[in-house]
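Q: For what it's worth, this note's numbering labels the leading residue of the sequence shown as 55, then goes sequentially. Before anything else, here's the structure in question.
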Amino acid sequence: MSQRFTVTAFAGKNEEAWGLGGKKGEINELFESDETTAGSPDKCTSGTAQEPGKAPVQLVRTHSKGDGNPKESSPFINSSDVEKGKEYDGKHMALFEEEMDTSPMVSSLLSSLANYSNLPQGSKEHEEAENNEEARKKPIKAPRMGTFMGVYLPCLQNIFGVILFLRLTWVVGMGGVLDSFIIVFICCTCTMLTAISMSAIATNGVVPAGGSYYMISRSLGPEFGGAVGLCFYLGTTFAGAMYILGTIEILLTYIVPQAAVFKLDGLEGAEMEEAMLNNMRIYGTCVLSCMATVVFVGVKYVNKLALLFLACVIISIAAIYAGVIKTAIDPPDFPICILGNRTLIRKEFDLCAKVVEMGNQTVTTKLWSLFCNSTLLNATCDEYFTNNNVTEVQGIPGVASGIITKNLWSNYLEKGVVIEKEGAMSVPNEDGTLGKTKRYVMSDITSFFTLLVGIYFPSVTGIMAGSNRSGDLRDAQKSIPVGTIMAIATTSFVYMSSIVLFGACIEGVVLRDKFGEAVNGNLVIGTLAWPSPWVIVVGSFFSTCGAGLQSLTGAPRLLQAIARDGIVPFLRVFGHGKANGEPTWALLLTACICEIGILIASLDAVAPILSMFFLMCYMFVNLACALQTLLRTPNWRPRFKFYHWALSFLGMSLCLSLMFICSWYYALVAMVIATCIYKYIEYQGAEKEWGDGIRGLSLSAARFALLRLEEGPPHTKNWRPQILVVVSVDQDQNVENPQLLSLTNQLKAGKGLTIVGAALEGTYLNNHPQAQRAEQSLRRMMETEKVKGFCQVVISSNMRDGTSHLIQAGGLGGLQHNTVLVSWPCNWKQAEDHSTWRNFIELVRETTAAHLALLVPMNISAYPSNQERFTEGNIDVWWIVHDGGMLMLLPFLLRQHKVWRKCKMRIFTVAQMDDNSIQMKKDLTTFLYHLRISAEVEVVEVQDSDISAYTYEKTLVMEQRSQILKQMQLTKTEREREIQSITDESRGSIRRKNPSNPRMHLSVQEEQPGGSKEEKPEEEVQLIHDQNATPTPTSPQSPVEEVQTPSSKVQLTWTEKFTGDPGKSKGPSTPEGIKDIFNMKPEWENLNQSNVRRMHTALKLNEVITRKSQDAKLVLLNMPGPPKNRKGDENYMEFLEVLTEGLNRVLLVRGGGREVITIYS
55 MSQRFTVTAF
65 AGKNEEAWGL
75 GGKKGEINEL
85 FESDETTAGS
95 PDKCTSGTAQ
105 EPGKAPVQLV
115 RTHSKGDGNP
125 KESSPFINSS
135 DVEKGKEYDG
145 KHMALFEEEM
155 DTSPMVSSLL
165 SSLANYSNLP
175 QGSKEHEEAE
185 NNEEARKKPI
195 KAPRMGTFMG
205 VYLPCLQNIF
215 GVILFLRLTW
225 VVGMGGVLDS
235 FIIVFICCTC
245 TMLTAISMSA
255 IATNGVVPAG
265 GSYYMISRSL
275 GPEFGGAVGL
285 CFYLGTTFAG
295 AMYILGTIEI
305 LLTYIVPQAA
315 VFKLDGLEGA
325 EMEEAMLNNM
335 RIYGTCVLSC
345 MATVVFVGVK
355 YVNKLALLFL
365 ACVIISIAAI
375 YAGVIKTAID
385 PPDFPICILG
395 NRTLIRKEFD
405 LCAKVVEMGN
415 QTVTTKLWSL
425 FCNSTLLNAT
435 CDEYFTNNNV
445 TEVQGIPGVA
455 SGIITKNLWS
465 NYLEKGVVIE
475 KEGAMSVPNE
485 DGTLGKTKRY
495 VMSDITSFFT
505 LLVGIYFPSV
515 TGIMAGSNRS
525 GDLRDAQKSI
535 PVGTIMAIAT
545 TSFVYMSSIV
555 LFGACIEGVV
565 LRDKFGEAVN
575 GNLVIGTLAW
585 PSPWVIVVGS
595 FFSTCGAGLQ
605 SLTGAPRLLQ
615 AIARDGIVPF
625 LRVFGHGKAN
635 GEPTWALLLT
645 ACICEIGILI
655 ASLDAVAPIL
665 SMFFLMCYMF
675 VNLACALQTL
685 LRTPNWRPRF
695 KFYHWALSFL
705 GMSLCLSLMF
715 ICSWYYALVA
725 MVIATCIYKY
735 IEYQGAEKEW
745 GDGIRGLSLS
755 AARFALLRLE
765 EGPPHTKNWR
775 PQILVVVSVD
785 QDQNVENPQL
795 LSLTNQLKAG
805 KGLTIVGAAL
815 EGTYLNNHPQ
825 AQRAEQSLRR
835 MMETEKVKGF
845 CQVVISSNMR
855 DGTSHLIQAG
865 GLGGLQHNTV
875 LVSWPCNWKQ
885 AEDHSTWRNF
895 IELVRETTAA
905 HLALLVPMNI
915 SAYPSNQERF
925 TEGNIDVWWI
935 VHDGGMLMLL
945 PFLLRQHKVW
955 RKCKMRIFTV
965 AQMDDNSIQM
975 KKDLTTFLYH
985 LRISAEVEVV
995 EVQDSDISAY
1005 TYEKTLVMEQ
1015 RSQILKQMQL
1025 TKTEREREIQ
1035 SITDESRGSI
1045 RRKNPSNPRM
1055 HLSVQEEQPG
1065 GSKEEKPEEE
1075 VQLIHDQNAT
1085 PTPTSPQSPV
1095 EEVQTPSSKV
1105 QLTWTEKFTG
1115 DPGKSKGPST
1125 PEGIKDIFNM
1135 KPEWENLNQS
1145 NVRRMHTALK
1155 LNEVITRKSQ
1165 DAKLVLLNMP
1175 GPPKNRKGDE
1185 NYMEFLEVLT
1195 EGLNRVLLVR
1205 GGGREVITIY
1215 S
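What follows is the structure in structure tokens.
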């Protein structure tokens, strides 16, 4: 196989446009990188390029098959897979061959997408197995379940449950048809709106197994996903407890009452209730253990029984409707006995009458013996029994009886109240007592509207069953919306019709009889069923068992999915299981939590608990859909189009309202649990990027806030240091001064903006990997020092420009830095690092020009880490010039941090001789009082004094060092040119050794009034003796000796004559300037007098500061600005060194030109 590339260059006007108008060989240079990566040179048969315009330029590249180099036969440059390369042969993809390893061909991409298979719930192992070669060879069976079997029927099984069979008739009896219909309508509307939102999320791309947890976590982020996922897990677990309690209630109340461990015979009131609860606890724990064992042994058995349980549910519901139809034709015979208007427990008697006629005799019945002390007619009986008649009414009068008119309205009862028939005649006892209460059907719980909502809502949960099985569906994006909505529509119709039919067929006192005591202990809904009440009893028993097994199967897998996501660290142990992936540890935890619900032992108390968790889950499903719709995320493209953000918000509001309607204290507890989990994941959990809606919401909020910030600068009250920390990295891209980030943390305490920036030298293309490593290093260091902020690394041709780019481009919009923090360059005196101090001074100038504040900590290695604590000490502020209040604000911010909290603040200010120091102290104290800052105040008077000889010597050494630094930058030609001028200057210095009139040579060189500051100052050179030469005491150093000593080395040093402002300073020719003019050394006469004055100021201030703040933990000091004349930059560094000499920790502060602190509220 061969490939031939031809490039033809045309002569004429288009030469430059085609880039071929240059010199020969440019095309070779253009393809030079291709030749280096193409392999051995013999692969390139020809590669020629002629001058443009003269002949076509042909580059012929021939590849031969079987050359033994797989790289040549494969479009994947770094691949050695020959077969992969042959797959793309002849497809004319040579133009993209270098991208093949990172950008696959569309054909292979589509092939991999088409073979994608959803995975069933709890089968994360299958995902891991797909990466194994053995698993990859096994063909994956495509799921075959459709909408009906995969979504519709599972949803029906989960929605129809224990509440329908055990509590719905009681809800109708207490709330009446109208209130009950409203409750059902609200709950079904809530689930329907949630299903619409869920359908939109489920059809927005492929939904792997995980159901609601996956959808919420991937839509709202790991924090919300973890919190709501755990709440959904708790709801599913408590649902298992509720189903088990329902199973035990059916077993002990309607199937085998004699199996109770704690007998109820002869008990009444609280004792009977306690015995019943204890029976529920004992049997519930046993059933839970059996169910957990079944789940542990094998889930496949549970799945096989699922259809049986579903059949029980459908048959039971069909029996109810058949019974309703039969009541219209032939109502069943279920008589109830009423004494006065009180409903009697039909348990120990069979005939609803006081006496009966047997022949010619009147005989008492068993009912008589229950209320009287003997069977004789003259026996003493209960007062209410004596005064009221016994009547018998049909418990199921039938749908055509018109009983619905009496059952329309609510009849809420207090706990312990006898259930009474409305309209029946009754003569109460004179003393108002009930008499023998254990003979009457009584209310076991105080009922009200909101309680009914909490008890009923679990009967509409289970709408997530279809999404949980998304891995088993043939087309999940089509089946989930249709199946779920159809299931909710079906169940809503069943519930609403049941409300009406129950109210139309059953007597009110029977509806209010929760346990069917008035109908011979039958299940109330069973009395309506056809052909037998046992159809409902057996069907409901198996359906509740199946629902409990399903809950114990699904909840551990949900917990395992959350644990394996790694977002909740302490749950990671529950991600492990058996070899086949069964969540053993998660099952154990689920059983323990489920046991808590079993110990509560009351179905009516457990139902509101799981209602809270399900409602919270549904609320966040609606929130996720609404957010995605409003944010218009590009990836939000659901196939299900019948949704709207308003519907989602309505569903979310309805869920939140139902939470507080059911039980406000349970709602608060559920929210506190979810909030604690959210905050825990936020601070301790793993960071996940799932493209969630909360991330999009954050971006939208950030954009809105940034646009608002652009409207104007912040008010002084809102000003806080938004810090750009300029750090340096070593050759391994590690931070050199981590203490700088510690100081940042102590200044910020996590508030405001922090940008940590570094500059690298080089080009972006060549040094991009180093920049990434440096950025990772910065992030690690920020995490270590607990600095909340951003990091930024720029690459530039030199460090000076890189730092400048950071200062200019840092931040975004109104969220920009206003303060720059950079450490003092400690090695600036080293000759080989002369650029260090130049870059530093330029940074100072740039921050001044940009009106940014500047903080320069000196001796940064001595600053405390975040773990250190100062138990005492002072933070001294030396307020020399006003900088907008930065010096006042910074100590206040530092003292907010635990490192500096115990330190006291002292403020010093400097007074001149003509200042009133007493008044200054009073004014400063008043100023601090209005600023609400507690600090000691001291005014330091600096006496005017003569310039000492030490000052001159210090200045002389400084200028000599400056000349050395300049000399090292001269070229060889410049050095030779300067030799002659150096010799001439040195001779002049020798002649001035013994002048006849000293005052002629001690004049101060000041700028003339008519002179210009822009003129280049005159320069003179003098010879300086080598510092290594040791002068003898009898022969002191002098310029004459330096020239006359042939063995000494000659060094070249520049000394400037600075043109200072006229009349601003006193020169050494005045009596105030020099105390004894005849003690002047010859070397001093050529010193720049401006430098002498600055050195004098630095020494005097340093003397005062050292005396007052020697033991201070930190000294904050105004930072003088650099000279406008760049000739004295190196001297500026020396002045700052002298100013801070002898102090341990110094923070030089330079304001940004605006007020940052105010006395106003």
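Virtual Cβ for every residue (Gly too), placed ideally from N, Cα, C. Treat the numbers as computed from the prediction; the structure is a model and nothing was measured.
Is it buried or exposed, Met412, if we count other Cβ atoms within 10 angstroms and call 16 or more buried?
A: Here the question's residue 412 lines up with position 358 in the sequence shown. So Met412 ends up on the exposed side.
Q: Taking only beta-carbon positions, decide if Lys883 is within less than 8 Å of chain C.
A: The structure shown has no chain C; it contains just one protein chain.
Q: Excluding the 5 residues preceding and the 5 following Cys599 in the sequence, name in chain order all residues of the same chain whose CB lies nearer than 6 Å to its CB.
A: Sequence index remark: in the sequence shown, residue 599 carries index 545 (1-based). The residues are Thr301.
Q: Between Lys408 and Thr419, which are expected to be in contact by the criterion C-beta below 8 Å, what is the C-beta distance as a whole number of angstroms?
A: As a first step, residue 408 must be located in the sequence shown, where it is residue number 354. As a first step, residue 419 must be located in the sequence shown, where it is residue number 365. Indeed they touch by this definition, with Cβ atoms about 6 Å apart.
Q: Rounded to the nearest angstrom, how far is the Cβ of Leu1216 from that of Leu220, given a contact under 8 Å?
A: Outside the modelled stretch of the chain, which goes from 55 to 1215, sits residue 1216, for which no answer is possible.
Q: In chain order, what residues of the same chain lie with their CB nearer than 7 Å to the CB of Phe674, ignoring the 5 residues before and after it?
A: Here residue 674 refers to the residue found at position 620 of the sequence shown. Ile270, Leu274, Phe278 and Val282, listed in sequence order.
Q: Can you tell me the Cα-Cα spacing of Asp1165 and Gly867, whole angstroms?
A: For the purposes of this step, residue 1165 is taken as residue 1111 along the sequence shown, with counting starting at 1. For the purposes of this step, residue 867 is taken as residue 813 along the sequence shown, with counting starting at 1. Rounded to whole angstroms, Asp1165 to Gly867 spans 43 Å at the Cα level.
Q: Any idea which residues DSSP pairs Trp933 with across the strands?
A: Here residue 933 corresponds to residue number 879 of the sequence shown, with the count starting at 1. Thr963.
Q: Can you name, in chain order, every residue of its own chain whose Cβ lies under 6 Å from the Cβ of Asn1198, other than the five neighbours on each side?
A: Translated into positions along the sequence shown, residue 1198 becomes position 1144. Answer for Asn1198: Ala916, listed in chain order.
Q: Buried or exposed: which applies to Val310, given that a residue is buried once 16 or more other Cβ atoms fall within 10 Å of its Cβ?
A: As a first step, residue 310 is located in the sequence shown; it is residue number 256 there, counting from the start. Per the 10 Å Cβ criterion, exposed.
Q: Buried or exposed: which applies to Ser546, given that a residue is buried once 16 or more other Cβ atoms fall within 10 Å of its Cβ?
A: Working through the sequence shown from its first residue, we reach residue 546 at position 492. Classification for Ser546: buried.
Q: Can you confirm whether the region 464 to 482 touches the region 497 to 509 when touching is taken to mean that 3 or more C-beta pairs between the two stretches lie within less than 8 Å?
A: yes
Q: Compute the beta-carbon to beta-carbon distance between Ala907 and Asn872, rounded to the nearest angstrom, for a pair I have assumed lies under 8 Å.
A: Position 853 of the sequence shown, counted from the start, is the residue given in the question as residue 907. Position 818 of the sequence shown, counted from the start, is the residue given in the question as residue 872. Yes, they are in contact, since the Cβ atoms of Ala907 and Asn872 sit about 6 Å apart, within 8 Å.
Q: Assign Thr817 to buried or exposed, taking buried as 16 or more other Cβ atoms, counted over all protein chains shown, within 10 Å of its Cβ.
A: As a first step, residue 817 must be located in the sequence shown, where it is residue number 763. With fewer than 16 other Cβ atoms within 10 Å, it is exposed.
Q: Would you mind sorting Met912 into buried or exposed? The rule is 16 or more other CB atoms within 10 Å of its CB.
A: Along the sequence shown, read from residue 1 onward, the residue named residue 912 stands at position 858. Under this definition Met912 is a buried residue.
Q: Give the secondary structure of Tyr720 by DSSP, where H, G and I count as helix, E and B as strand, and everything else as coil.
A: The residue given as residue 720 occupies position 666 in the sequence shown. Three-state DSSP puts Tyr720 in a helix.
Q: Can you check which of these residues, Cys426, Ala454 and Met246, is closest to Asn441 by C-alpha distance?
A: By 1-based counting over the sequence shown, the position of residue 441 is 387. Among Cys426, Ala454 and Met246, the Cα nearest to that of Asn441 is on Cys426.
Q: Can you look up Phe694 in the DSSP assignment and give me helix, strand or coil?
A: Reading the sequence shown from its first residue, position 640 is the one you call residue 694. Reduced to three states, the DSSP call for Phe694 is coil.
Q: Using only CA atoms, which one of Val260, Met967 and Glu571 lies nearest to Phe694?
A: Against the sequence shown, residue 694 aligns to sequence position 640. Of Val260, Met967 and Glu571, the residue nearest in Cα terms is Val260.
Q: Leaving out five residues on either side along the sequence, give the residues of the same chain with a beta carbon under 8 Å from the beta carbon of Ile735.
A: Here residue 735 refers to the residue found at position 681 of the sequence shown. Exclusion of the five residues before and after Ile735 leaves Pro276, Glu277, Gly280, Ala281, Ile621 and Val622 as the residues of its chain whose Cβ lies within less than 8 Å of its Cβ.
Q: What alpha helix (DSSP H) runs, 4 residues minimum, are completely inside the region 938 to 986?
A: 940 to 948 and 971 to 984
Q: Give me the residue from Ile914, Ser513 and Leu982 with the minimum Cα distance to Phe946.
A: As a first step, residue 946 must be located in the sequence shown, where it is residue number 892. The option with the nearest alpha carbon to Phe946 is Leu982.
Q: Return the first residue and the last residue of the beta strand (DSSP E) that Glu626 is part of.
A: Position 572 of the sequence shown, counted from the start, is the residue given in the question as residue 626. Residue identity check: residue 626 is Arg in the sequence provided, not Glu. From DSSP, Arg626 is part of no beta strand (DSSP E); its letter is neither H nor E.
Q: Three-state secondary structure (DSSP) at Glu837?
A: For the purposes of this step, residue 837 is taken as residue 783 along the sequence shown, with counting starting at 1. Note: Glu837 maps to helix in three-state DSSP.
Q: Once DSSP output is grouped into helix, strand and coil, what is the label at Met269?
A: As a first step, residue 269 must be located in the sequence shown, where it is residue number 215. The answer is helix: DSSP assigns Met269 an H, G or I state.
Q: In the DSSP output, which residue or residues are listed as bridge partners for Val780?
A: For the purposes of this step, residue 780 is taken as the residue at position 726 of the sequence shown. Answer is Gly811 and Val876, bridged to Val780.
Q: What residue does the alpha helix (DSSP H) around Leu555 start on, and which one ends it?
A: Within the sequence shown, residue 555 is the residue found at index 501, counting from 1. Looking at the DSSP string, the run of the alpha helix (DSSP H) that includes Leu555 is Ala530 to Cys559.
Q: Which word fits Gly1117, buried or exposed, when buried means at least 16 other C-beta atoms lie within 10 angstroms of its C-beta?
A: Residue numbering aside, residue 1117 sits at position 1063 when the sequence shown is read from its first letter. Low per-residue confidence applies at Gly1117: pLDDT is 37, beneath 50, and the placement is therefore not dependable, though the value from the model is reported in the following sentence. Exposed, since its Cβ has fewer than 16 Cβ neighbours within 10 Å.
Q: Pull the bridge partners of Pro911 from the DSSP assignment, please.
A: Locating residue 911 in the sequence shown gives position 857, where the first residue counts as 1. Leu1201, per the DSSP bridge assignment.
Q: May I ask which residues mark the beginning and end of the alpha helix (DSSP H) holding Asn522?
A: Against the sequence shown, residue 522 aligns to sequence position 468. From DSSP, the alpha helix (DSSP H) with Asn522 extends over Ala519 to Asn522.
Q: Under the rule that 16 or more other beta-carbon atoms within 10 Å means buried, what is Pro688, buried or exposed?
A: Translated into positions along the sequence shown, residue 688 becomes position 634. By the neighbour-count rule (16 or more Cβ atoms within 10 Å), Pro688 is not buried but exposed.
Q: Assign His117 to one of three DSSP states: helix, strand, or coil.
A: Within the sequence shown, residue 117 is the residue found at index 63, counting from 1. Residue placement at His117 cannot be trusted, given a pLDDT of 42 that sits under 50; what the coordinates show is reported in the next sentence. Secondary structure at His117: coil, using DSSP grouped into helix, strand and coil.
Q: For Val799, report the span of its alpha helix (DSSP H) as first-last.
A: Here the question's residue 799 lines up with position 745 in the sequence shown. Residue identity differs from the one stated: residue 799 is Asn in this sequence, not Val. First-last of the alpha helix (DSSP H) with Asn799: Gln793 to Lys802.
Q: Mapping the DSSP letters down to three states, classify Leu819 as helix, strand or coil.
A: The sequence position of residue 819 within the sequence shown is 765, counting from 1. In this structure, Leu819 counts as helix in the three-state DSSP scheme.
Q: So, Ile590 versus Ala373, is the Cβ gap smaller than 8 Å?
A: Taking the first residue of the sequence shown as position 1, residue 590 is located at position 536. Taking the first residue of the sequence shown as position 1, residue 373 is located at position 319. Taking 8 Å as the Cβ cut-off, Ile590 and Ala373 qualify as a contacting pair.
Q: I'd like the span of the beta strand (DSSP E) that includes Pro389, first residue to last.
A: The residue labelled residue 389 in the question sits at position 335 within the sequence shown. Pro389 -> beta strand (DSSP E) spans Pro389 to Leu393.
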